[in-house]
């Protein structure tokens with residue numbers, strides 16, 4: 001992280017520690033090979049961006065972090081599942097993820113499929129079982145939000161069109177489809193992360209709307225930068241195979257790098273404008289939006 | 298269905314109609330290829346045993362069927378997902394299911410994986426979004442129950458050990474492992490079906506316990522008979538490739554057919570003994586238990 005983001009860096013590290021401590025606790029004393037396979041990908045690291053957003057929203061709203069933690073961990077489980085399944089031979093066929101062999105490379109394809117399924121169900125179980133000190137209706141709203149965001153009109157929907165766009169050469173990707181893929185494949189869960197943090201911090205409707213709009217914008221910006229890094233990047237730094245997306249429906253492939261950076265900048269500016277209402281309390285979420293633009297891995 | 302079960306047959310048909318009408322309604326106006334892939338397997342038929350159990354428990358307890366329907370449909374979505382993923386080339390590699398080409402044969406492997414994921418998330422979304430006229434705590438209990446039953450200590454857990462037992466010839470299947478596989482792979486969701494029907498019909502703790510025990514017993518009996526039918530069956534009648542399980546960890550492979558039938562009979566008798574408490578109202582659940590023993594497809 002560059003020197004501009006020292007404060008944010010410390011903040012993210014602090015939140016990541018809290019998340020990982022709790023996330024790992026759900027895997028304690030679980031010793032079957034299936035649990036090991038699930039745990040392998042959960043512990044493979046990553047930026048923990050989504051749960052950090054949930055906790056940062058909670059802190060901005062002066063909510064109770066303990067209430068948000070199980071859902072923040074559930075979000076990371078769903079995200080991890082999507083990576084395991086995306087990496088499978090019949091989808092992206094990737095050998096490397098977060099600098100380590102992908103799940104199916106270690107546990108085999110069959111186990112990797114079931115490990116992904118197990119992580120989805122564990123996510124919803126974790127929310128039900130461990131969320132305390134909030135109204136039941138809030139927990140139900142969170143499950144509805146996450147299941148929608150991860151589902152066929154959200155993340156799965158984005159993955160599916162991405163697969164079609166890549167495998168079917170006659171399928172023409174226009175601006176709308178490009179936006180659909182990325183708003184859903186990555187964006188839906190990032191949006192849900194902020195919204196869930198807000199719901200569990202008893203945010204007003206107006207606050208939820210502002211936070212959702214912030215997340216929607218940074219979610220798409222994050223994916224655009226991810227794809228630019230893929231074009232420019234080195235496998236060593238990215239921790240996943242670089243230049244894999246050369247034939248995929250990405251912003252840099254569609255608009256070129258320069259215009260893609262411009263779009264990402266506008267998205268980040270839009271994102272931040274939603275935070276005016278929260279004044280100084282939004283400091284870390286503002287920094288996070290700028291950081292998404294300037295990160296190099 | 299044999300003449301002994303004419304009443305039950307009518308009852309199941311009536312309940313199946315209700316389930317399918319509602320189940321299909323969640324797929325209306327959903328036209329992406331992903332939704333089509335999900336819908337293909339949802340509409341491929343099947344016995345609808347699990348949602349029928351949920352509704353039959355509700356009727357026995359004089360509950361409100363409308364309250365149970367979304368969860369009953371969610372259970373069928375999870376069950377369908379497990380079939381789609383089980384049939385994949387890297388797991389059972391099956392071309393035929395319910396008399397039709399398997400999901401990946403029609404939509405490709407990548408889409409079949411995502412269709413399964415989409416059905417899991419849709420299941421939880423359906424419960425949250427459409428369950429009305431019951432306390433929020435009951436809905437949360439249902440989600441906790443279903444996510445546990447479908448997850449790494451339930452259905453996924455059973456699938457994983459089944460995979461290991463089949464692929465790793467050095468893995469020794471003993472009685473405990475055989476029971477673990479089948480109690481979880483098939484049993485967990487059947488057990489959850491009854492329990493969820495009971496929770497949403499405001500059953501007492503004692504009633505929930507009796508119904509859970511009934512379901513646990515018929516669940517294992519159902520799987521044993523399924524495996525016996527596989528040994529004896531014809532592809533034409535079964536609607537899936539027969540004699541596929543010749544090397545798998547099944548009761549007939551482990552105990553032989555005669556002893557397996559004896560075990561299944563004992564399980565059904567145990568199941569029925571749990572229903573004494575409910576008197577005449579348990580008629581259809583009793584018939585269902587006997588039918589599981591005597592079915593031929």
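Residue numbers (this note's numbering), protein chains in the order written: chain A, 1 to 297; chain B, 298 to 594. Backbone N, C-alpha and C define an ideal beta-carbon position, used for all residues, glycine too. Since we're looking at a predicted model, the values are computed, not measured.
- Per DSSP, reduced to three states, the secondary structure at residue 50(A) is helical.
- For residue 320(B), same chain residues with a beta-carbon under 7 angstroms away, outside a window of 5 residues either side, are 339, 370, 373 in chain order.
- Here residue 143(A) is not near residue 112(A), since their CB atoms are 8 angstroms or more apart.
- The alpha-carbon of residue 177(A) is positioned some 18 angstroms away from that of residue 259(A).
- With respect to residue 55(A), residue 18(A) sits close: the two C-beta atoms are nearer than 8 angstroms.
- For residue 421(B), at least one C-beta of chain A is nearer than 8 angstroms to its own C-beta.
- Contact annotation: residue 151(A) and residue 419(B) have beta-carbon atoms nearer than 8 angstroms.
- Residue 310(B) and residue 584(B) have their C-alpha atoms roughly 14 angstroms apart.
- Counting of Cβ neighbours within 10 angstroms places residue 277(A) among the exposed residues, the total staying below 16.
- Spatial neighbours of residue 431(B) in its own chain (CB-CB distance under 7 angstroms, excluding positions within 5 residues in sequence) are listed in chain order as 364, 497.
- Between the segment 565-573 of chain B and the segment 504-518 of chain B there are three or more C-beta pairs closer than 8 angstroms, enough to call the two in contact.
- For the C-beta of residue 34(A), the chain B residues within less than 7 angstroms are, from N- to C-terminus, 449, 453, 454, 457.
- By the neighbour-count definition (other C-beta atoms within 10 Å, threshold 16), residue 86(A) is a buried residue.
- Contact of residue 381(B) with chain A is not assigned, every C-beta pair being separated by 8 angstroms or more.
- At a cut-off of 8 angstroms, the C-beta of residue 374(B) has no neighbouring C-beta in chain A.
- Remark: three or more beta-carbon pairs, one from each stretch, lie closer than 8 angstroms, so the segment 154-163 of chain A and the segment 186-194 of chain A are flagged as touching.
- About 12 angstroms separates the Cβ atoms of residue 117(A) and residue 415(B), ruling out a contact at the 8 angstroms cut-off.
- Within 10 angstroms of the beta-carbon of residue 230(A) lie 16 or more other beta-carbons, which makes it buried.
- For residue 175(A), the uninterrupted alpha helix (DSSP H) segment begins and ends at 175-182.
- Annotation: residue 205(A) to residue 179(A) spans about 26 angstroms, alpha carbon to alpha carbon.
- Between residue 367(B) and residue 490(B), the C-beta gap is not smaller than 8 angstroms, which leaves the two residues out of contact.
- Proximity to residue 44(A) across 106(A), 91(A), 9(A) peaks at 106(A), based on C-alpha coordinates.
- For the segment 320-388 of chain B, the continuous alpha helix (DSSP H) assignments of 4+ residues that do not extend past its boundaries occur at 330-339, 346-357, 362-384, in sequence order.
- Residue 88(A) has a beta carbon lying within less than 8 angstroms of a beta carbon in chain B.
- Residues 221, 225, 264, 265, 268 of the same chain have their beta carbon placed closer than 7 angstroms to that of residue 293(A), with the five preceding and five following residues left out of the count.
- Burial is judged here by how many other beta carbons sit within 10 angstroms of a residue's own beta carbon; residue 582(B) has at least 16 and is buried.
- If you draw a straight line from the Cα of residue 445(B) to the Cα of residue 129(A), it is about 10 angstroms long.
- When the five nearest sequence neighbours on each side are left out, the beta carbons in the same chain lying within less than 6 angstroms of the beta carbon of residue 223(A) are those of 182, 186, in order along the chain.
- Residue environment: residue 424(B) is assigned as buried (16 or more neighbouring CB atoms within 10 Å of its CB, all protein chains considered).
- Rounded to whole angstroms, residue 102(A) and residue 94(A) show a C-alpha spacing of 7 angstroms.
- Against chain B, a Cβ distance below 7 angstroms from residue 148(A) picks out 422.
- For residue 356(B), the closest C-alpha among the options 586(B), 587(B), 577(B), 345(B) is that of 577(B).
- Beta-bridge annotation (DSSP): residue 513(B) is not paired with any residue.
- Taking the CA atoms as reference points, residue 335(B) sits about 43 angstroms from residue 283(A).
- Residue 261(A) has its alpha-carbon roughly 21 angstroms from the corresponding atom of residue 162(A).
- With a beta-carbon spacing of about 4 angstroms, residue 109(A) and residue 387(B) fall inside the 8 angstroms limit used to define contacts.
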